[in-house]
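Going down the list, the protein sequences come from chains A and B. Mapping of the first sequence onto my numbering: residues 22 to 136, in sequence order. Mapping of the second sequence onto my numbering: residues 31 to 142, in sequence order. The beta-carbon is built from N, C-alpha and C at its ideal position, and this holds for glycine as well. Report on one structure; see the data block that follows.
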Amino acid sequence: DSGVTQTPKHLITATGQRVTLRCSPRSGDLSVYWYQQSLDQGLQFLIQYYNGEERAKGNILERFSAQQFPDLHSELNLSSLELGDSALYFCASSVETGATNEKLFFGSGTQLSVL
Amino acid sequence: TQLLEQSPQFLSIQEGENLTVYCNSSSVFSSLQWYRQEPGEGPVLLVTVVTGGEVKKLKRLTFQFGDARKDSSLHITAAQPGDTGLYLCAGAVRGSARQLTFGSGTQLTVLP
């Protein structure tokens with residue numbers, strides 16, 4: 022158990038819909054990262070938040086947005102869903118010391134299926 | 031964009047055999063991490079290497095970071111069925127916060 026909690030574990034929805042994925046980081050971790058894992062693209066970094074503020078952006082579509090709340094949990098919002106958005110979405114957390122050997126702890130992921 | 035290519039993509043071996051997985055890039059990384067991912071779970075960090083030429087051992091697993099910090103390898107000695115999983119390398123570039131560039135992964139199956 023990594024200590025990172027993601028809900029829901031599975032999500033099935035239709036094209037055009039909007040969903041929200043939730044992540045609770047490990048106790049004490051200030052940084053939350055979102056990754057998308059698909060068969061053809063592998064594991065892709067989407068976005069990072071640190072203590073409520075956006076820290077870094079990766080390959081995140083404009084239809085996707087995220088936020089980190091004062092209690093440090095984070096939500097990833099996916100809208101106008103397309104078939105190609107079907108993937109595993111992972112949240113990870115870290116203390117964010119800036120050290121090169123910083124450890125990321127991943128949750129078990131949310132499997133999103135867009136039908 | 032930094033790209034990490036892993037080889038082989040798939041590897042199926044018998045218990046007791048040795049294997050090596052490679053992770054290559056044309057980019058220089060400040061550190062490189064190896065993860066193992068099992069079905070239905072997120073990646074779990076195995077090791078981080080930060081110095082060019084560095085070798086780290088974790089029981090039957092040996093990790094090496096290339097001298098130029100562009101490539102890495104993972105060698106498993108006497109593989110066991112419990113080693114089965116998706117092995118991912120991930121590189122970090124200094125100054126880019128902590129977003130990692132992940133390799134495409136090597137799916138290892140160790141048959142009993």
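At a cut-off of 9 Å, the C-beta of Gln-89 (chain A) has no neighbouring C-beta in chain B.
Against chain A, the beta carbon of Ser-56 (chain B) has no neighbour under 7 Å; the closest one sits roughly 17 Å away. Val-85 (chain B) counts as exposed, since fewer than 16 other C-beta atoms from the protein chains shown sit within 10 angstroms of its C-beta. Where Thr-81 (chain B) is concerned, there is no enclosing beta strand (DSSP E), because DSSP gives it neither an H nor an E. Under the three-state reduction of DSSP output, Asp-61 (chain A) falls in the coil class, being neither helix nor strand. A contact is defined here as three or more CB-CB pairs under 8 Å, and the segment 42-52 of chain B meets this definition with respect to the segment 91-108 of chain B. Within the model, the alpha-carbon separation for Gly-105 (chain A) versus Arg-84 (chain A) is close to 13 Å.
Rounded to whole angstroms, the separation of the alpha carbons of Pro-29 (chain A) and Ser-95 (chain A) is 13 Å.
Close partners of Ser-129 (chain A) in chain B (Cβ separation under 9 Å): Gly-70, Glu-71 and Gly-72. Within the segment 37-124 of chain B, the complete beta strand (DSSP E) runs of at least 3 residues fall at 40-44, 49-54, 61-67, 74-79, 85-88, 91-95, 101-106 and 115-122.
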